[in-house]
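Mapping the sequence shown onto the numbering used here, position 30 (from 1) lands on 303, and the numbers just tick up by one. What follows is a set of notes on a single structure, which appears directly below.
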Amino acid sequence: MNLYSLRGVRKTLSGRTVLNNLDMDIPEGRITSLVGPSGSGKSTLLRILNRLLDPDSGQVQYRGRPIMDVEPVSLRRQAVLVPQDSTMFPGTVEDNIRYAPRIHNIADFQPLAALNNAGLSADYLERDAERLSGGERKRVALARALALSPTALLLDEPTSGVDPRSSETIEKSVMGLRDGGTTVIWVTHDMDQAIRVSDFIVNIKNGEAKMPEDSEFLWRDAY
274 MNLYSLRGVR KTLSGRTVLN NLDMDIPEGR ITSLVGPSGS GKSTLLRILN RLLDPDSGQV
334 QYRGRPIMDV EPVSLRRQAV LVPQDSTMFP GTVEDNIRYA PRIHNIADFQ PLAALNNAGL
394 SADYLERDAE RLSGGERKRV ALARALALSP TALLLDEPTS GVDPRSSETI EKSVMGLRDG
454 GTTVIWVTHD MDQAIRVSDF IVNIKNGEAK MPEDSEFLWR DAY
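So, in structure tokens, the structure goes:
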């Protein structure tokens, strides 16, 4: 079953066509990586998937219904975007993890479980979030998203700028979430990483979706 289906999606930003007649499906409960050069439309596509942006034309379906019929706040609780910059709010790591549930009026959640699922231990809860390393910030941003128990995670370069050990921890954490049924859409420029973590790979080039030749097996096994 597909969580998202896109047909003929076009988007222009600042006079430039970023997505051009894009067609693709994103299966539920799997990891789909979006690869391609900078400026190819990957991050724009993530923002369309949770309605931070709307397409200029074309159709996007979420769980079989038009995404425009899904209330944006509800959609963003289900399909949570983790942006590349991993900005921390002032306060402790626990304050950061509690931020999204507080916005969405969710009382019944476990900050420690979210932290553990992002690959961090309990002693991080009381740390100053603004004094964390880059890799730690990435994992706290992931924990902040996981506090919403999302259906889908939209990850924009979740390992960019971090050391190899932190990158490996993040990869393992996200693959464990997939094994628990979470759908993951992972933006990366690293084809080797995409092959390691993904069930599906989509090459976004010139605003269009293409299957990379060297990862054909990922699609053949799935379809």
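Ideal Cβ positions, reconstructed from N, Cα and C, are used throughout, including at glycine.
Below 8 Å, too few C-beta pairs join the segment 330-346 and the segment 356-365 to call them touching: fewer than three. The continuous beta strand (DSSP E) containing Glu481 extends over residues 481-483. In its chain, beyond the 5 residues on either side, Ala395, Leu398 have a beta carbon closer than 8 Å to the beta carbon of Leu385. For Val353, the uninterrupted beta strand (DSSP E) run begins and ends at 352-355, by DSSP. Residue range 437-452 is occupied by the alpha helix (DSSP H) that includes Ser446. For Pro431, there is no enclosing alpha helix (DSSP H), since its DSSP letter is neither H nor E. If the five residues before and after Asn390 are omitted, its C-beta is found closer than 6 Å to the C-beta atoms of Leu419, all from its own chain and listed in chain order.
Glu301 is positioned such that its CB atom lies no closer than 7 Å to that of Leu318. Rounded to the nearest whole angstrom, the C-alpha separation of Ile376 and Phe473 is 33 Å.
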